[in-house]
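To start, the structure itself, in C-alpha coordinates.
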Amino acid sequence: MTLTIDTSTPESRALLRPDLQPEKKPLIGLLREELADALISIGVPERQVNMRVRQLWHWLYVRGVSDFSKMFNISKDLRAALDEHFTIARPEIVEEQISQDGTRKWLLRFPPRGAGRPVEVETVYIPEEDRGTLCISSQVGCTLTCSFCHTGTQKMVRNLTAGEILDQLLIARDRLGDFPDADTPDGAIVPAEGRKVTNIVMMGMGEPLYNFENVKQALLVASDGEGLSLSKRRITLSTSGVVPEIYRTGAEIGVMLAISLHAVRDELRNELVPINKKYPLKELLDACRAYPGLSNARRITFEYVMLKDVNDSLDDARELVRLLKGIPAKINLIPFNPWPGSSYECSDWEQIEKFAEFVNRAGYASPIRTPRGRDILAACGQLKSQSERMKKTERLKLEAMMIAGHGEA
2 MTLTIDTSTP
12 ESRALLRPDL
22 QPEKKPLIGL
32 LREELADALI
42 SIGVPERQVN
52 MRVRQLWHWL
62 YVRGVSDFSK
72 MFNISKDLRA
82 ALDEHFTIAR
92 PEIVEEQISQ
102 DGTRKWLLRF
112 PPRGAGRPVE
122 VETVYIPEED
132 RGTLCISSQV
142 GCTLTCSFCH
152 TGTQKMVRNL
162 TAGEILDQLL
172 IARDRLGDFP
182 DADTPDGAIV
192 PAEGRKVTNI
202 VMMGMGEPLY
212 NFENVKQALL
222 VASDGEGLSL
232 SKRRITLSTS
242 GVVPEIYRTG
252 AEIGVMLAIS
262 LHAVRDELRN
272 ELVPINKKYP
282 LKELLDACRA
292 YPGLSNARRI
302 TFEYVMLKDV
312 NDSLDDAREL
322 VRLLKGIPAK
332 INLIPFNPWP
342 GSSYECSDWE
352 QIEKFAEFVN
362 RAGYASPIRT
372 PRGRDILAAC
382 GQLKSQSERM
392 KKTERLKLEA
402 MMIAGHGEA
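315 is the number that the working numbering gives to position 314 of the sequence shown; each next residue is one higher, with no gaps.
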(Lines of atoms letter the chains of each structure in order from A; the text may use other names.)
(Lines give C-alpha, C1' and ligand atoms only; values in the text may rest on other atoms or scores of the structure.)
Protein backbone atom coordinates (compact mmCIF):
# COMPACT_ATOMS: atom_id res chain seq x y z
CA MET A 2 0.00 0.00 0.00
CA THR A 3 1.32 3.44 -0.94
CA LEU A 4 1.07 6.17 1.66
CA THR A 5 0.45 9.66 0.30
CA ILE A 6 0.85 12.76 2.44
CA ASP A 7 -0.71 16.06 1.38
CA THR A 8 1.99 18.70 1.86
CA SER A 9 -0.13 21.64 0.83
CA THR A 10 -0.77 22.85 4.37
CA PRO A 11 1.67 24.18 6.99
CA GLU A 12 0.47 21.53 9.44
CA SER A 13 1.27 18.63 7.11
CA ARG A 14 4.65 20.09 6.17
CA ALA A 15 5.52 20.34 9.86
CA LEU A 16 5.00 16.57 10.20
CA LEU A 17 7.79 16.01 7.67
CA ARG A 18 9.95 18.92 8.88
CA PRO A 19 9.50 19.64 12.60
CA ASP A 20 11.86 22.58 12.21
CA LEU A 21 9.22 24.26 10.04
CA GLN A 22 6.73 24.50 12.90
CA PRO A 23 5.88 28.14 13.62
CA GLU A 24 7.93 29.71 16.40
CA LYS A 25 6.14 30.39 19.64
CA LYS A 26 5.71 34.11 20.20
CA PRO A 27 7.43 35.47 23.34
CA LEU A 28 5.10 37.22 25.78
CA ILE A 29 7.84 38.81 27.89
CA GLY A 30 8.21 42.46 26.90
CA LEU A 31 4.73 42.98 25.44
CA LEU A 32 2.78 46.01 26.60
CA ARG A 33 -0.68 45.37 28.06
CA GLU A 34 -2.50 46.16 24.81
CA GLU A 35 -0.19 43.80 22.90
CA LEU A 36 -0.78 41.10 25.48
CA ALA A 37 -4.52 41.60 25.02
CA ASP A 38 -4.18 41.20 21.24
CA ALA A 39 -2.19 38.00 21.75
CA LEU A 40 -4.93 36.53 23.94
CA ILE A 41 -7.66 37.46 21.47
CA SER A 42 -5.65 35.76 18.71
CA ILE A 43 -5.97 32.39 20.46
CA GLY A 44 -9.68 32.72 21.12
CA VAL A 45 -9.93 34.28 24.57
CA PRO A 46 -13.38 35.97 24.71
CA GLU A 47 -13.09 39.76 24.66
CA ARG A 48 -15.11 40.06 27.86
CA GLN A 49 -12.37 38.08 29.66
CA VAL A 50 -9.35 39.73 28.11
CA ASN A 51 -8.73 42.50 30.66
CA MET A 52 -8.94 40.02 33.55
CA ARG A 53 -6.60 37.57 31.79
CA VAL A 54 -4.09 40.33 31.04
CA ARG A 55 -4.04 41.30 34.72
CA GLN A 56 -3.50 37.66 35.70
CA LEU A 57 -0.68 37.13 33.24
CA TRP A 58 0.98 40.42 34.16
CA HIS A 59 0.97 39.41 37.82
CA TRP A 60 2.41 35.94 37.15
CA LEU A 61 5.12 37.24 34.81
CA TYR A 62 6.30 40.34 36.64
CA VAL A 63 5.25 39.99 40.29
CA ARG A 64 5.63 36.23 40.82
CA GLY A 65 8.37 35.74 38.22
CA VAL A 66 6.84 32.59 36.74
CA SER A 67 8.48 31.15 33.60
CA ASP A 68 6.14 28.17 33.13
CA PHE A 69 2.45 28.47 32.21
CA SER A 70 1.62 25.35 34.25
CA LYS A 71 2.35 27.28 37.47
CA MET A 72 -0.33 29.89 36.81
CA PHE A 73 -2.77 28.23 39.16
CA ASN A 74 -5.69 30.67 38.89
CA ILE A 75 -5.90 30.16 35.10
CA SER A 76 -7.87 27.23 33.73
CA LYS A 77 -5.99 24.16 32.52
CA ASP A 78 -7.38 24.58 28.99
CA LEU A 79 -6.18 28.18 28.72
CA ARG A 80 -2.78 27.26 30.14
CA ALA A 81 -2.48 24.58 27.47
CA ALA A 82 -3.45 27.06 24.75
CA LEU A 83 -0.93 29.59 26.03
CA ASP A 84 1.79 26.96 26.06
CA GLU A 85 0.93 25.87 22.52
CA HIS A 86 1.24 29.34 21.01
CA PHE A 87 3.51 31.38 23.28
CA THR A 88 6.69 31.15 25.33
CA ILE A 89 7.78 32.76 28.59
CA ALA A 90 10.92 30.66 28.98
CA ARG A 91 14.12 32.28 30.18
CA PRO A 92 17.22 32.40 27.97
CA GLU A 93 20.00 29.89 28.57
CA ILE A 94 22.66 30.78 31.13
CA VAL A 95 25.88 29.76 29.37
CA GLU A 96 28.15 30.89 32.17
CA GLU A 97 27.82 32.50 35.59
CA GLN A 98 30.85 34.07 37.23
CA ILE A 99 30.86 35.25 40.83
CA SER A 100 33.57 37.57 42.10
CA GLN A 101 34.94 37.33 45.61
CA ASP A 102 33.30 40.70 46.33
CA GLY A 103 29.86 39.51 45.20
CA THR A 104 29.81 40.99 41.70
CA ARG A 105 28.10 38.52 39.35
CA LYS A 106 28.26 38.23 35.59
CA TRP A 107 26.02 36.09 33.41
CA LEU A 108 26.64 35.14 29.80
CA LEU A 109 23.14 34.62 28.35
CA ARG A 110 22.25 32.89 25.09
CA PHE A 111 19.05 33.87 23.30
CA PRO A 112 17.48 31.51 20.74
CA PRO A 113 17.63 32.34 17.02
CA ARG A 114 15.11 34.74 15.52
CA GLY A 115 13.83 33.68 12.11
CA ALA A 116 16.74 32.40 10.04
CA GLY A 117 19.31 33.93 12.38
CA ARG A 118 21.61 32.26 14.86
CA PRO A 119 21.53 32.21 18.65
CA VAL A 120 23.17 35.30 20.15
CA GLU A 121 24.86 35.97 23.46
CA VAL A 122 25.14 38.98 25.77
CA GLU A 123 26.62 39.67 29.17
CA THR A 124 24.75 41.08 32.17
CA VAL A 125 26.40 42.23 35.41
CA TYR A 126 25.08 42.56 38.99
CA ILE A 127 26.90 44.78 41.49
CA PRO A 128 25.80 44.51 45.15
CA GLU A 129 26.30 47.16 47.79
CA GLU A 130 25.07 47.51 51.35
CA ASP A 131 22.11 49.69 50.39
CA ARG A 132 21.46 48.75 46.76
CA GLY A 133 21.93 46.15 44.07
CA THR A 134 22.60 47.48 40.57
CA LEU A 135 22.06 45.45 37.41
CA CYS A 136 23.89 46.48 34.24
CA ILE A 137 21.81 45.49 31.21
CA SER A 138 22.79 45.15 27.54
CA SER A 139 20.69 46.57 24.70
CA GLN A 140 22.51 45.20 21.64
CA VAL A 141 24.67 42.25 20.67
CA GLY A 142 27.94 44.00 19.89
CA CYS A 143 28.22 47.72 19.22
CA THR A 144 28.59 50.08 16.27
CA LEU A 145 30.35 52.94 18.04
CA THR A 146 33.99 51.72 18.16
CA CYS A 147 35.00 53.95 21.07
CA SER A 148 38.78 53.58 21.15
CA PHE A 149 39.10 52.81 24.89
CA CYS A 150 36.14 50.39 25.05
CA HIS A 151 36.57 46.63 24.72
CA THR A 152 32.88 46.08 23.86
CA GLY A 153 33.37 48.37 20.88
CA THR A 154 35.81 45.87 19.36
CA GLN A 155 32.96 43.38 18.88
CA LYS A 156 31.11 43.87 15.64
CA MET A 157 27.42 44.72 15.76
CA VAL A 158 25.20 41.63 15.40
CA ARG A 159 21.67 42.86 16.11
CA ASN A 160 19.41 44.79 18.45
CA LEU A 161 17.89 42.99 21.41
CA THR A 162 14.11 42.87 21.59
CA ALA A 163 12.20 44.42 24.49
CA GLY A 164 11.67 40.90 25.82
CA GLU A 165 15.37 40.05 25.63
CA ILE A 166 16.23 43.24 27.50
CA LEU A 167 13.71 42.40 30.23
CA ASP A 168 14.86 38.77 30.35
CA GLN A 169 18.18 39.99 31.76
CA LEU A 170 16.36 41.53 34.72
CA LEU A 171 14.20 38.44 35.21
CA ILE A 172 17.22 36.11 35.12
CA ALA A 173 19.01 38.21 37.72
CA ARG A 174 16.00 38.20 40.02
CA ASP A 175 15.67 34.43 39.54
CA ARG A 176 19.31 33.79 40.39
CA LEU A 177 19.30 36.09 43.41
CA GLY A 178 16.01 34.86 44.88
CA ASP A 179 14.40 38.24 44.33
CA PHE A 180 10.88 37.01 43.54
CA PRO A 181 8.30 36.09 46.23
CA ASP A 182 8.83 32.69 47.88
CA ALA A 183 12.29 32.37 46.32
CA ASP A 184 15.42 31.90 48.41
CA THR A 185 18.60 33.91 48.06
CA PRO A 186 21.51 31.58 47.18
CA ASP A 187 23.73 30.63 50.11
CA GLY A 188 26.61 33.03 50.49
CA ALA A 189 25.29 35.58 48.00
CA ILE A 190 26.30 39.18 48.67
CA VAL A 191 23.16 41.31 48.36
CA PRO A 192 21.75 44.51 49.92
CA ALA A 193 21.16 44.26 53.65
CA GLU A 194 17.39 44.47 53.30
CA GLY A 195 14.63 44.82 50.73
CA ARG A 196 15.03 43.97 47.07
CA LYS A 197 18.19 42.43 45.72
CA VAL A 198 17.90 44.32 42.40
CA THR A 199 17.03 47.90 43.32
CA ASN A 200 18.56 49.77 40.36
CA ILE A 201 19.14 49.05 36.69
CA VAL A 202 21.53 50.82 34.34
CA MET A 203 21.45 50.53 30.56
CA MET A 204 25.23 50.45 30.37
CA GLY A 205 25.94 46.97 29.05
CA MET A 206 26.74 46.00 25.50
CA GLY A 207 25.50 48.38 22.80
CA GLU A 208 24.20 51.94 22.45
CA PRO A 209 20.67 52.01 23.94
CA LEU A 210 19.51 54.97 21.85
CA TYR A 211 20.30 53.09 18.63
CA ASN A 212 17.67 50.60 19.82
CA PHE A 213 15.28 53.23 21.15
CA GLU A 214 11.88 51.60 20.66
CA ASN A 215 12.84 48.26 22.22
CA VAL A 216 14.64 49.93 25.12
CA LYS A 217 11.69 52.25 25.69
CA GLN A 218 9.22 49.37 25.77
CA ALA A 219 11.38 47.29 28.11
CA LEU A 220 11.86 50.16 30.56
CA LEU A 221 8.16 51.05 30.56
CA VAL A 222 7.38 47.44 31.52
CA ALA A 223 10.15 47.43 34.15
CA SER A 224 8.80 50.61 35.75
CA ASP A 225 5.13 49.57 35.66
CA GLY A 226 3.78 49.93 39.20
CA GLU A 227 1.71 46.75 39.03
CA GLY A 228 4.59 44.53 37.95
CA LEU A 229 8.36 44.82 38.36
CA SER A 230 7.71 48.28 39.80
CA LEU A 231 11.16 49.83 39.57
CA SER A 232 11.17 53.57 40.19
CA LYS A 233 12.22 55.58 37.13
CA ARG A 234 14.63 57.40 39.42
CA ARG A 235 16.38 54.06 39.90
CA ILE A 236 16.72 53.43 36.17
CA THR A 237 19.60 55.10 34.34
CA LEU A 238 20.10 55.06 30.58
CA SER A 239 23.62 55.75 29.36
CA THR A 240 24.30 57.08 25.87
CA SER A 241 27.45 58.05 24.01
CA GLY A 242 25.52 61.00 22.61
CA VAL A 243 22.77 60.10 20.15
CA VAL A 244 21.45 63.65 20.32
CA PRO A 245 18.09 63.29 18.48
CA GLU A 246 16.93 60.60 20.93
CA ILE A 247 18.04 62.27 24.15
CA TYR A 248 14.99 64.54 24.44
CA ARG A 249 12.72 61.59 23.56
CA THR A 250 14.29 59.59 26.38
CA GLY A 251 13.18 62.13 28.93
CA ALA A 252 9.79 62.82 27.39
CA GLU A 253 8.76 59.26 26.52
CA ILE A 254 10.59 57.10 29.09
CA GLY A 255 11.34 59.52 31.93
CA VAL A 256 14.38 57.76 33.37
CA MET A 257 17.67 59.16 34.62
CA LEU A 258 20.26 60.04 31.98
CA ALA A 259 23.99 59.34 31.85
CA ILE A 260 26.36 60.62 29.16
CA SER A 261 29.59 58.84 28.21
CA LEU A 262 31.60 62.06 27.90
CA HIS A 263 35.31 61.18 28.40
CA ALA A 264 36.70 64.31 26.72
CA VAL A 265 36.13 68.07 26.86
CA ARG A 266 37.42 69.02 23.40
CA ASP A 267 35.93 67.91 20.10
CA GLU A 268 39.22 66.82 18.54
CA LEU A 269 39.95 64.38 21.38
CA ARG A 270 36.37 63.21 21.75
CA ASN A 271 36.28 62.50 17.99
CA GLU A 272 39.02 59.95 18.68
CA LEU A 273 37.71 58.50 21.95
CA VAL A 274 33.99 58.55 21.10
CA PRO A 275 33.66 58.75 17.29
CA ILE A 276 29.93 59.55 17.37
CA ASN A 277 31.15 63.03 18.39
CA LYS A 278 31.96 63.67 14.72
CA LYS A 279 28.22 63.49 14.03
CA TYR A 280 26.99 65.11 17.24
CA PRO A 281 29.76 67.39 18.62
CA LEU A 282 29.99 68.59 22.19
CA LYS A 283 27.92 71.76 21.77
CA GLU A 284 24.96 69.85 20.31
CA LEU A 285 25.28 67.15 22.97
CA LEU A 286 25.36 69.58 25.89
CA ASP A 287 22.50 71.67 24.45
CA ALA A 288 20.43 68.46 24.37
CA CYS A 289 21.37 67.80 27.99
CA ARG A 290 20.26 71.29 29.05
CA ALA A 291 16.90 70.64 27.39
CA TYR A 292 16.41 67.21 29.01
CA PRO A 293 12.82 66.99 30.34
CA GLY A 294 12.58 67.06 34.13
CA LEU A 295 16.19 68.14 34.64
CA SER A 296 16.73 69.53 38.16
CA ASN A 297 19.05 69.22 41.14
CA ALA A 298 17.00 66.21 42.20
CA ARG A 299 17.25 64.69 38.71
CA ARG A 300 20.83 65.36 37.70
CA ILE A 301 22.54 64.05 34.60
CA THR A 302 25.52 61.80 35.27
CA PHE A 303 28.57 62.35 33.08
CA GLU A 304 30.87 59.35 32.77
CA TYR A 305 34.56 60.24 32.44
CA VAL A 306 37.15 57.50 32.04
CA MET A 307 40.56 58.57 33.34
CA LEU A 308 43.28 58.04 30.70
CA LYS A 309 46.87 58.84 31.62
CA ASP A 310 48.25 61.92 29.83
CA VAL A 311 45.22 61.95 27.53
CA ASN A 312 42.29 63.61 29.33
CA ASP A 313 43.35 63.86 32.98
CA SER A 314 45.05 67.25 33.31
CA LEU A 315 43.77 70.07 35.49
CA ASP A 316 43.18 72.04 32.28
CA ASP A 317 40.79 69.24 31.28
CA ALA A 318 39.09 69.49 34.67
CA ARG A 319 38.77 73.27 34.28
CA GLU A 320 37.22 72.90 30.81
CA LEU A 321 34.86 70.21 32.08
CA VAL A 322 33.51 72.57 34.71
CA ARG A 323 33.09 75.30 32.11
CA LEU A 324 31.25 73.02 29.69
CA LEU A 325 28.79 71.79 32.32
CA LYS A 326 27.90 75.24 33.63
CA GLY A 327 24.15 75.44 34.17
CA ILE A 328 23.55 71.68 33.94
CA PRO A 329 22.61 69.94 37.21
CA ALA A 330 25.21 67.20 37.00
CA LYS A 331 27.36 64.59 38.70
CA ILE A 332 30.66 63.43 37.19
CA ASN A 333 31.63 59.79 37.68
CA LEU A 334 35.39 59.38 37.34
CA ILE A 335 36.28 55.91 36.09
CA PRO A 336 39.85 54.62 36.45
CA PHE A 337 40.61 52.94 33.13
CA ASN A 338 40.94 49.15 33.11
CA PRO A 339 43.41 48.06 30.41
CA TRP A 340 42.57 45.18 28.09
CA PRO A 341 44.72 43.30 25.56
CA GLY A 342 45.33 45.48 22.53
CA SER A 343 44.44 48.75 24.24
CA SER A 344 46.93 51.61 23.80
CA TYR A 345 45.77 53.51 26.90
CA GLU A 346 46.91 53.47 30.51
CA CYS A 347 45.03 54.37 33.66
CA SER A 348 45.76 57.77 35.15
CA ASP A 349 47.90 57.80 38.29
CA TRP A 350 45.73 57.65 41.39
CA GLU A 351 47.18 60.92 42.72
CA GLN A 352 46.19 62.65 39.46
CA ILE A 353 42.68 61.21 39.60
CA GLU A 354 42.29 62.59 43.14
CA LYS A 355 43.54 66.04 42.06
CA PHE A 356 41.09 66.03 39.15
CA ALA A 357 38.22 65.02 41.46
CA GLU A 358 39.15 67.65 44.04
CA PHE A 359 39.10 70.43 41.43
CA VAL A 360 35.69 69.37 40.11
CA ASN A 361 34.31 69.02 43.65
CA ARG A 362 35.48 72.51 44.59
CA ALA A 363 33.59 73.82 41.57
CA GLY A 364 30.38 72.42 43.04
CA TYR A 365 29.99 69.11 41.18
CA ALA A 366 29.98 65.77 42.92
CA SER A 367 32.74 63.70 41.34
CA PRO A 368 32.96 60.26 42.94
CA ILE A 369 35.76 57.95 41.88
CA ARG A 370 34.40 54.51 41.15
CA THR A 371 35.73 51.91 43.51
CA PRO A 372 37.47 48.97 41.79
CA ARG A 373 35.47 45.79 42.26
CA GLY A 374 35.35 42.23 40.92
CA ARG A 375 39.08 41.94 40.27
CA ASP A 376 38.75 38.25 39.38
CA ILE A 377 36.14 38.69 36.62
CA LEU A 378 35.83 41.15 33.74
CA ALA A 379 32.61 42.98 34.48
CA ALA A 380 33.41 46.66 33.98
CA CYS A 381 31.75 49.35 31.93
CA GLY A 382 33.07 49.00 28.41
CA GLN A 383 34.58 45.59 29.13
CA LEU A 384 31.64 43.31 28.22
CA LYS A 385 32.04 41.11 25.20
CA SER A 386 29.96 38.07 24.30
CA GLN A 387 31.05 34.53 23.54
CA SER A 388 30.62 34.99 19.78
CA GLU A 389 33.77 37.11 19.72
CA ARG A 390 35.51 36.93 23.08
CA MET A 391 38.94 37.00 24.60
CA LYS A 392 40.30 33.79 26.01
CA LYS A 393 38.97 33.13 29.49
CA THR A 394 42.50 33.05 30.92
CA GLU A 395 43.03 36.59 29.63
CA ARG A 396 39.68 37.85 30.88
CA LEU A 397 40.30 36.58 34.38
CA LYS A 398 43.51 38.63 34.64
CA LEU A 399 41.72 41.93 34.15
CA GLU A 400 40.15 44.22 36.72
CA ALA A 401 36.44 44.92 36.88
CA MET A 402 34.89 48.21 37.89
CA MET A 403 31.81 48.73 39.97
CA ILE A 404 28.88 50.41 38.24
CA ALA A 405 27.58 52.48 41.13
CA GLY A 406 25.99 55.73 42.15
CA HIS A 407 23.16 55.72 39.62
CA GLY A 408 19.44 56.30 40.13
CA GLU A 409 19.60 57.52 43.68
CA ALA A 410 16.23 57.85 45.36
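Glycine included, C-beta positions come from ideal geometry on N, C-alpha and C.
- [ ] For I332, collect the residues of the same chain with a Cβ closer than 6 Å to its Cβ; drop the 5 residues on either side in sequence, then sort them by chain order.
- [x] Within the sequence shown, numbered from 1, the residue matching residue 332 stands at position 331. Same-chain partners within the cutoff: F303, Y305, V360, Y365 and S367.
Open item on the list: According to DSSP, simplified to helix, strand and coil, what is S261?
Closed with: Here residue 261 corresponds to residue number 260 of the sequence shown, with the count starting at 1. S261: strand per DSSP, three-state reduction.
Open item on the list: I'd like to know whether the C-beta atoms of L315 and L273 end up nearer to each other than 9 Å.
Closed with: Reading the sequence shown from its first residue, position 314 is the one you call residue 315. Reading the sequence shown from its first residue, position 272 is the one you call residue 273. Between L315 and L273, the C-beta spacing is not below 9 Å.
Task: Three-state class that DSSP yields for F180 in the structure shown - done: Taking the first residue of the sequence shown as 1, we reach residue 180 at position 179. F180 carries a coil assignment under DSSP once its states are collapsed to helix, strand and coil.
Task: Among T134, D317, E351 and K77, nearest to T237 - alpha-carbon criterion - done: Residue mapping note: residue 237 aligns to position 236 of the sequence shown, counting from 1. T237 has its Cα closest to that of T134, out of T134, D317, E351 and K77.
TODO: Just confirm the distance between the C-beta atoms of S230 and S261, as a whole number of angstroms; I'd bet it's less than 8 Å.
DONE: As a position in the sequence shown, residue 230 is number 229, starting the count at 1. As a position in the sequence shown, residue 261 is number 260, starting the count at 1. Contact between S230 and S261 does not hold, since their C-beta atoms are separated by about 28 Å, which reaches or exceeds 8 Å.
- [ ] Find the nearest neighbour of G117 within the set R80, E97 and V158, judged by alpha-carbon distance.
- [x] By one-based count along the sequence shown, residue 117 stands at place 116. For the options R80, E97 and V158, the alpha carbon positioned closest to that of G117 is the one of V158.
- [ ] Give the secondary structure of K71 by DSSP, where H, G and I count as helix, E and B as strand, and everything else as coil.
- [x] Stepping through the sequence shown from its first residue, residue 71 is reached at position 70. Helix, per DSSP.
Task: Nearest residue (CA-CA) to L83, options Q56, I137 and E253 - done: Here residue 83 is taken as the residue at index 82 of the sequence shown, counted from 1. When each option's Cα is compared against that of L83, the closest is Q56.
TODO: Pull up the DSSP beta-bridge partners for V120, would you.
DONE: As a working mapping, residue 120 is identified with position 119 in the sequence shown. For V120, which the question treats as bridged, DSSP gives the partners F111.
- [ ] Sort V120, T199 and I301 by Cα distance to R464 and report the nearest one.
- [x] Absent from the structure is residue 464, since the part of the chain shown begins at 2 and ends at 410.
TODO: Check the C-beta distance from G205 over to V256 and give it rounded, since I have them as a contact under 8 Å.
DONE: For the purposes of this step, residue 205 is taken as the residue at position 204 of the sequence shown. For the purposes of this step, residue 256 is taken as the residue at position 255 of the sequence shown. In this structure, G205 and V256 do not form a Cβ contact; the two beta carbons are roughly 15 Å apart against a cut-off of 8 Å.
Task: Alpha-carbon to alpha-carbon, E47 and L220 - done: By one-based count along the sequence shown, residue 220 stands at place 219. By one-based count along the sequence shown, residue 47 stands at place 46. Computed Cα separation, rounded: 28 Å.
Open item on the list: Spatial neighbours of M2 within its chain, please: C-beta separation below 7 Å, excluding the five flanking residues on both sides.
Closed with: Here the question's residue 2 lines up with position 1 in the sequence shown. Any reading at M2 must be qualified, since the residue scores a pLDDT of 44, below 50, and its modelled position is unreliable; the value itself is stated next. The same chain holds no residue with a CB closer than 7 Å to that of M2 once the five nearest residues on each side in sequence are set aside.
Task: Residues bridged to K26 (per DSSP) - done: Residue mapping note: residue 26 aligns to position 25 of the sequence shown, counting from 1. Paired residues: F87.
Open item on the list: Can you find the residues in the same chain that come closer than 6 Å, C-beta to C-beta, to E246, ignoring five residues on each side of it along the sequence?
Closed with: Against the sequence shown, residue 246 aligns to sequence position 245. For E246, same chain residues with a beta-carbon under 6 Å away, outside a window of 5 residues either side, are L210 and F213 in chain order.
- [ ] Specify the secondary structure class of T199 as computed by DSSP and reduced to three states.
- [x] Position 198 of the sequence shown, counted from the first residue, corresponds to residue 199. Looking at T199 - three-state DSSP - the assignment turns out to be coil, as it is neither helix nor strand.
- [ ] Please name the residue, chosen from G242, Q140 and L32, that lies closest to K156 on a Cα-to-Cα basis.
- [x] Numbered from 1 along the sequence shown, position 155 holds the residue referred to as residue 156. With distances taken between Cα atoms, K156 lies closest to Q140.
Open item on the list: For L177 and N312, I'd like the C-alpha separation in whole angstroms.
Closed with: As a position in the sequence shown, residue 177 is number 176, starting the count at 1. As a position in the sequence shown, residue 312 is number 311, starting the count at 1. Cα-Cα distance, rounded: 39 Å.
Task: N-terminal and C-terminal residue of the alpha helix (DSSP H) that N271 is part of - done: Along the sequence shown, read from residue 1 onward, the residue named residue 271 stands at position 270. For N271, the enclosing alpha helix (DSSP H) has its first and last residue at D267 to L273.
TODO: Please work out which residues of its chain come closer than 6 Å, Cβ to Cβ, to K26, disregarding the five sequence neighbours upstream and downstream, and give them in chain order.
DONE: By one-based count along the sequence shown, residue 26 stands at place 25. Within the same chain, F87 come within 6 Å of K26 by CB-CB distance, once the 5 residues on both sides are set aside.
Task: Opening and closing residue of the beta strand (DSSP E) in which A330 lies - done: Mapped onto the sequence shown, residue 330 falls at position 329. Counting along the chain, A330 sits inside the beta strand (DSSP E) bounded by residues A330 to P336.
- [ ] Indicate whether the contact test is met: 3 or more Cβ pairs, each with one atom in the region 31-38 and one in the region 91-104, closer than 8 Å.
- [x] Contact between the region 31-38 and the region 91-104 is absent, because fewer than three Cβ pairs lie under 8 Å.
Open item on the list: Only counting the same chain, and skipping five residues up and downstream in sequence, which positions put a Cβ closer than 6 Å to that of N297?
Closed with: Along the sequence shown, read from residue 1 onward, the residue named residue 297 stands at position 296. Within the same chain, P329 come within 6 Å of N297 by CB-CB distance, once the 5 residues on both sides are set aside.
TODO: Count the other CB atoms, across all protein chains shown, that sit within 10 Å of the CB of N51; report buried if there are 16 or more and exposed otherwise.
DONE: What you label residue 51 is simply residue 50 of the sequence shown in a count that begins at 1. In summary, N51 is exposed, with fewer than 16 beta-carbon neighbours lying within 10 Å of its beta-carbon over all protein chains present.
Open item on the list: Looking only at its chain, what residues have a beta carbon closer than 8 Å to the beta carbon of A223, apart from the 5 residues adjacent to it on each side?
Closed with: As a working note, residue 223 is residue 222 in the sequence shown. If the five residues before and after A223 are omitted, its C-beta is found closer than 8 Å to the C-beta atoms of L167, L170, I201, L229, L231 and I236, all from its own chain and listed in chain order.
Open item on the list: Considering only the alpha carbon of each residue, which of L161, E208, D349 and P128 lies closest to A189?
Closed with: Here residue 189 refers to the residue found at position 188 when the sequence shown is read from its first residue. Out of L161, E208, D349 and P128, P128 has the C-alpha closest to the C-alpha of A189.
TODO: Report the three-state DSSP secondary structure of N160 (helix, strand or coil).
DONE: If you number the sequence shown from 1, residue 160 lands on position 159. The three-state reading of DSSP puts N160 in strand, counting E and B together.
TODO: Determine the burial state of F356: buried for a count of at least 16 other Cβ atoms within 10 Å of its Cβ, exposed for fewer.
DONE: Numbered from 1 along the sequence shown, position 355 holds the residue referred to as residue 356. F356 comes out buried.
Open item on the list: So within the region 279-334, which uninterrupted beta strand (DSSP E) runs reach at least 3 residues, ignoring any that extend past its ends?
Closed with: Here the runs fully enclosed are 301-307.
Task: Supposed close pair L1, L286 - CB separation, criterion 8 Å - done: Absent from the model: residue 1. The displayed extent of the chain is 2 to 410, so no value can be given.
Task: Selection from K197, G242 and E165 that minimises the alpha carbon distance to G103 - done: By 1-based counting over the sequence shown, the position of residue 103 is 102. G103 has its Cα closest to that of K197, out of K197, G242 and E165.
TODO: Starting from the C-beta of P92, find all residues in its chain whose C-beta is less than 8 Å away, skip the five residues before and the five after it, and write them out in chain order.
DONE: On the sequence shown, residue 92 is found 91 positions in, with the first residue counted as 1. Cβ neighbours of P92 beyond the five flanking positions: L109, R110, F111, P112, E165, D168 and I172.
Open item on the list: For P293 and L28, I'd like the C-alpha separation in whole angstroms.
Closed with: The residue given as residue 293 occupies position 292 in the sequence shown. The residue given as residue 28 occupies position 27 in the sequence shown. Rounded to whole angstroms, P293 to L28 spans 31 Å at the Cα level.
Open item on the list: Using the Cβ count rule (16 or more neighbours within 10 Å means buried), how would you classify I43?
Closed with: Residue 43 sits at position 42 when you count from the first residue of the sequence shown. Flag for I43 reads exposed.
- [ ] Let me know if R174 comes out buried or exposed under the rule of 16 or more other beta-carbons within 10 Å of its beta-carbon.
- [x] To locate residue 174, count along the sequence shown from 1; it is residue 173. That one is buried.
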